[in-house]
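Structure, as structure tokens:
Protein chains in written order, with this note's numbering: chain P, 10 to 277; chain B, 2 to 343.
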């Protein structure tokens with residue numbers, strides 16, 4: 010649809026000359042006879058929050074899984090920083106700098122905050138203790154964890170030795186987001202980050218999303234919650250029946266219009 | 002903006018934090034899982050001492066440690082497996098298999114002591130590796146996989162040894178070295194007890210100071226979360242079962258020294274006794290929570306109860322009864338502790 014490209018061009022930050030940090034074109038993914046993605050394009054630019062909305066079965070999750078290596082698209086390509094990438098598993102995307110916070114929080118409840126931040130990429134001590142005895146640098150990791158949390162403005166999580174299970178839902182989500190954001194990642198993907206949270210805690214997580222964006226880390230956020238999407242997103246990618254039907258902004262469209270496009274009641 | 006995120010002094014949170022003393026106790030036990038077994042051990046040592054003054058005699062304390070050495074070592078292996086939310090019903094019978102192989106190759110085949118111990122280690126690793134492959138490749142629940150291997154190892158042991166015991170005198174002296182004792186402050190400590198303590202120290206350090214240790218806890222906590230964090234769950238599980246295999250080979254050596262023989266009929270109780278020690282030691286059967294030091298306390302508690310009740314003149318059946326009650330109390334306590342701020 011030509012109208013989509015028009016809106017995309019005019020609304021993207023940084024002017025038309027900027028290349029997207031993450032770009033997908035013509036993604037197709039089928040599951041047997043079910044078409045999950047039917048030729049989806051997506052662009053994410055530096056310093057923006059891109060929301061992906063769509064009805065159930067519109068292909069939001071499949072799209073995200075293709076971008077983060079959890080699914081391999083049948084056709085189409087993904088460019089990260091202008092270079093083609095082919096993710097075979099989530100770890101590939103992670104190594105390339107795409108961090109995902111899953112709907113089911115990927116934290117280990119009995120481990121403390123610092124251990125969770127560094128889970129799967131522990132730092133070893135210098136010298137023989139690290140190389141031969143494989144000891145982890147606990148003090149260093151805790152210090153770094155405190156710094157990362159401070160930089161993200163998560164002030165009540167200064168005690169990084171507390172087990173995550175002792176934290177509130179919002180704080181746990183903050184730990185998960187902080188882990189995604191903490192290691193110089195290029196893109197952070199949040200899948201329904203506020204689905205299980207109350208109003209106040211949702212607000213905290215959205216604040217964290219804005220902090221990330223202001224630090225220059227682009228964020229893709231999937232949400233069902235229209236007020237939250239319109240509050241935090243710079244651009245909104247609308248998915249319908251396996252296709253992108255429009256990319257709008259909170260300024261160009263109202264919530265009602267967005268829902269109408271999403272459900273097929275209106276053209277983009 | 003940045004400091005307004007999650008305000009430090011939220012009146013609502015402070016209100017909610019007015020916890021009762023019971024809640025605080027539960028929080029403390031939750032944070033330090035070895036605390037409750039430590040209290041039980043201290044109290045029981047004092048109580049049994051008052052019931053019979055022979056309990057505190059150096060000779061008796063020495064006896065308790067020696068009685069605990071084999072099951073205590075097996076319980077280290079069991080702790081590793083249970084931390085991953087698994088269970089190993091076969092540790093005891095695998096240990097007996099390893100001890101019979103060590104005994105046979107030294108006595109009948111004339112293999113020297115050190116190579117024989119290496120062969121025992123290989124047997125241990127093979128049993129652990131088999132369990133690990135059944136759990137990771139065939140995706141069998143650990144309970145079922147090890148229930149199967151328990152019987153397999155038992156049968157192989159009896160077939161291989163033809164049911165015959167090998168006496169300590171038929172083996173090189175290094176095989177029974179683990180049963181020799183030396184005095185420490187008037188208490189005779191056996192080499193086997195020292196080896197057991199060495200196993201505890203090593204595994205405690207590895208669990209708390211290496212990435213592998215963190216991953217063991219993470220896998221037991223939530224397998225999916227661990228996988229999504231980039232941890233190779235199957236590799237961690239396989240390595241845990243292999244480590245358990247190496248540790249049970251050590252237990253086999255300690256067993257030969259302790260009983261001054263290798264017998265195919267000793268180890269069947271040890272399968273469950275090792276689980277008992279782990280559970281009484283505060284490690285959660287649901288994985289991800291517990292320490293090996295708790296397990297050491299758990300093994301000592303069982304030893305102290307058996308010894309103390311026997312000195313108090315009670316029938317051996319009451320010891321079994323007491324251990325059963327302890328297990329149920331320990332697991333109930335764990336259930337209650339785990340309800341903290343869910």
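Backbone N, C-alpha and C fix where the C-beta goes; we use that ideal spot for every residue, glycine too.
Between residue 271 (chain P) and chain B, is the shortest Cβ-Cβ distance under 9 Å, so that the two count as touching? no
Give the single residue among B:74, B:75 and B:101 whose Cα lies nearest to the Cα of residue 266 (chain B). B:101
Give, in chain order, every residue of the stretch 224 to 237 of chain B whose Cβ lies closer than 7 Å to some Cβ of chain A. The chain labelled as chain A is not found among the protein chains of the depicted structure, namely P and B.
Using the beta-carbon of each residue, which ones in chain P are nearer than 7 Å to residue 210 (chain B)? 144 and 145
Can you tell me whether residue 6 (chain B) is helix, strand or coil according to DSSP? Model confidence at residue 6 (chain B) stands at a pLDDT of 44, short of 50, so the residue's coordinates are unreliable; what they give is reported in the following sentence. Of the three classes helix, strand and coil, the one that applies to residue 6 (chain B) here is coil, per DSSP.
In chain order, what residues of the same chain lie with their CB nearer than 8 Å to the CB of residue 226 (chain B), ignoring the 5 residues before and after it? 219
Validate contact between the stretch 106 to 122 of chain B and the stretch 167 to 183 of chain B using beta carbons, cut 8 Å, 3 pairs: yes
Beta carbon proximity, residue 222 (chain B) to chain P, threshold 9 Å: yes
Where does residue 91 (chain B) sit, in a helix, a strand or coil, going by DSSP? In the structure shown, the three-state DSSP call for residue 91 (chain B) is coil.
Thinking just about the alpha-carbon of each residue, which of B:184, B:137, B:127 and B:87 is nearest to the one in residue 144 (chain B)? Closest in alpha carbon position to residue 144 (chain B), among B:184, B:137, B:127 and B:87, is B:87.
Under three-state DSSP, which class holds residue 106 (chain P)? coil
Are the CB atoms of residue 156 (chain P) and residue 145 (chain P) nearer to each other than 9 Å? For residue 156 (chain P) and residue 145 (chain P), no; Cβs fall outside 9 Å.
Do you know offhand how far residue 76 (chain B)'s Cα is from residue 302 (chain B)'s? 13 Å
So if I threshold CB-CB distances at 9 Å, which residues from the stretch 107 to 131 of chain P count as touching chain B? 109, 111, 113, 114, 115, 116, 117, 118, 119, 120, 124, 125, 127, 128, 129, 130 and 131
Please name the residue in B:197, B:238 and B:171 whose C-alpha comes closest to that of residue 112 (chain B). B:171
Just confirm the distance between the C-beta atoms of residue 42 (chain B) and residue 298 (chain B), as a whole number of angstroms; I'd bet it's less than 8 Å. 5 Å
If you measure from the beta carbon of residue 27 (chain B) to each beta carbon in chain P, is any gap under 9 Å? Nearest CB-CB separation between residue 27 (chain B) and chain P: not below the 9 Å threshold.
Please identify the residue among B:232, B:212 and B:94 whose C-alpha is closest to the C-alpha of residue 348 (chain B). Residue 348 (chain B) is absent from the structure shown; chain B starts at 2 and stops at 343.
Note down, in chain order, each residue of its chain lying with its Cβ closer than 7 Å to the Cβ of residue 79 (chain B), except the 5 sequence neighbours on either side. 89, 92, 275, 276 and 279
Report the partner residues of residue 34 (chain P) according to the DSSP bridge assignment. P:86
Which partner residues of residue 252 (chain P) appear in the DSSP bridge assignment? DSSP, once it has assigned bridges, lists P:249 as partnering residue 252 (chain P).
Is there a C-beta anywhere in chain B that falls below 9 Å from the one on residue 29 (chain P)? Residue 29 (chain P) does not count as touching chain B.
Residue 188 (chain P) to residue 125 (chain P) span [Cα, whole Å]: Distance from the CA of residue 188 (chain P) to the CA of residue 125 (chain P), rounded to the nearest whole angstrom, comes to 8 Å.
Residue 100 (chain P) CB to nearest chain B CB: under 9 Å? yes
Between the Cα of residue 150 (chain B) and those of B:183, B:242, B:212 and B:40, spot the shortest distance and give me the residue it belongs to. B:242
Closer than 7 Å by beta-carbon distance: list the chain B residues that pair up with residue 103 (chain P), in chain order. 231
Can you tell me where the beta strand (DSSP E) holding residue 52 (chain P) begins and where it ends? Taken as a continuous stretch (DSSP letters only), the beta strand (DSSP E) holding residue 52 (chain P) covers 43 to 53.
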